[in-house]
Amino acid sequence: MAQVIPLNAPLGARIEGLDRSQTLTPAVASLLDQALADHLLVVIPGSPMTPEQTRELSLAFGEPRPQLLRRKRANDVPEVSLMVSTLMDDGTTYKTVYRAEDWHTDDSYFEVPAKATLLHSIAIPSRGGSTWFCNMHSVYDALPEATKRRIDGKRAVHGYDTPRARNRPAPRTAQEIAETPDVEHPLVRTHPITGRKGLYLNPNRLDRIVGLPREESDALLDELTEEARKPKHHHGHVWALGDVVVWDNRATMHRVVNDYPHGEPRIMHRVLLKGERPA
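In my numbering, the protein residues as written are 130 to 408.
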């Protein structure tokens, strides 16, 4: 029987003894989805899977949906994206790696962002390339009470590309641009299952706080992000081949460290799980 083993970290649990072919049985699916809400990050060890198998496993956590950029979708399984972040021999880098190095949460530029992200390692470099995660419940809890009062009820504008982002995102087609107008989300988000509050930040996508002058908005966002960057809120996952890692976008941020050797493949399957409007 599968067991949930909490990590000695600010977030995360490892699922031991899981038969991946049994993830859709009601008892196992319930255990996995509850573990995700409780620990915000679950690690399921195993062997590399096909895109079809990756999609099948993701169903234990919810309903998968295709990601925005069509060119990254697996040919026969559009809900599975092929994420290639190999560092090139000539010193250039797959473009999205630069953005992935900064803390972010997936899909906040949608009105209804992804509930969770599943990442499955198909090829990994010989060293480096860890993915780090930040517990946004912990970040909120650490804020001074005066700051909590200041941000209570505030909303923020998220966009596919914003002036605050350190690097520009991957280009979109005209259709993809039409599908991604700027949206507003609460700055403090309540988890729909646990009821816990957490900061809803995304330095790659968050433009400004509604109702504040740009200078004041930038200063407050910088202050909040500074707390989120503190190591006491973080856990780094060192990838093994075949790992499945699922994280809760409603209460986490993540980033990749591109410290791995040039030319060594780093290839993942990614599935986004349908969520709900942030509240």
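Every residue, glycine too, gets a C-beta built ideally from N, C-alpha and C.
Fair warning: this is a prediction, and the values are worked out from it, not measured in the lab.
Self-check item: Paired residues, beta bridge with Gln132 - DSSP
Solution: Within the DSSP secondary-structure output, Gln132 pairs in a beta bridge with Glu145.
- [ ] With a cut-off of 8 Å on the beta carbons, I'd call Lys244 and Leu402 a contact; round off their distance for me.
- [x] That pair is a contact at about 5 Å.
On the CB-based measure, 16 or more other CB atoms within 10 Å of its CB, does Thr154 come out buried or exposed? The residue in question, Thr154, is exposed, as its Cβ has fewer than 16 Cβ neighbours within 10 Å.
If we call anything under 7 Å between Cβ atoms a contact, is Leu328 one with Val367?
Between Leu328 and Val367, the C-beta spacing is not below 7 Å.
*Contact set for Ala294: own chain, Cβ-Cβ below 6 Å, skip 5 residues either direction*: Here the set comprises Asn333.
**Prompt:** Is Ser250 helix, strand or coil when you go by DSSP?
**Reply:** It is a strand residue.
Problem - CB of Leu335 within 7 Å of CB of Ile280, strictly - result: For Leu335 and Ile280, no; Cβs fall outside 7 Å.
Cβ-Cβ distance between Ile377 and Leu165 below 7 Å: Position check: residue 377 holds Asp in this sequence, whereas Ile was assumed. Yes, they are a contact pair.
>> Going by C-alpha to C-alpha distance, which of Arg358, Val171, Gln182 sits closest to Pro135?
In response: In terms of Cα proximity to Pro135, the closest of Arg358, Val171, Gln182 is Val171.
Is His249 closer than 7 Å to His363 when the C-beta atoms are compared? No. Outside cutoff.
Checklist line | Local conformation of Ile322 per DSSP, three classes | finding: In the structure shown, Ile322 sits in coil (DSSP, three-state: anything other than H, G, I, E or B).
Determine the closest residue to Ile144 out of Asp162, Pro300, Val133, Val206, with distance taken between C-alpha atoms.
Closest by alpha carbon: Val133.
I'd like to check one pair, Ala408 with Thr323: are the Cβ atoms closer than 7 Å?
No.
**Asked** In chain order, what residues of the same chain have a beta carbon less than 7 Å from the beta carbon of Arg395, not counting five sequence neighbours either side?
**Response** The residues are Ser214, Thr215, Ala252, Ile253, Pro254, Gly258, Tyr389.
- Environment of Val374 [buried if 16+ CB atoms lie within 10 Å]: Per the 10 Å Cβ criterion, buried.
Practice prompt. Report buried or exposed for Asp148, applying the criterion of at least 16 other Cβ atoms within 10 angstroms of its Cβ.
Written response: Looking at its Cβ environment, which holds fewer than 16 other Cβ atoms inside 10 Å, Asp148 is exposed.
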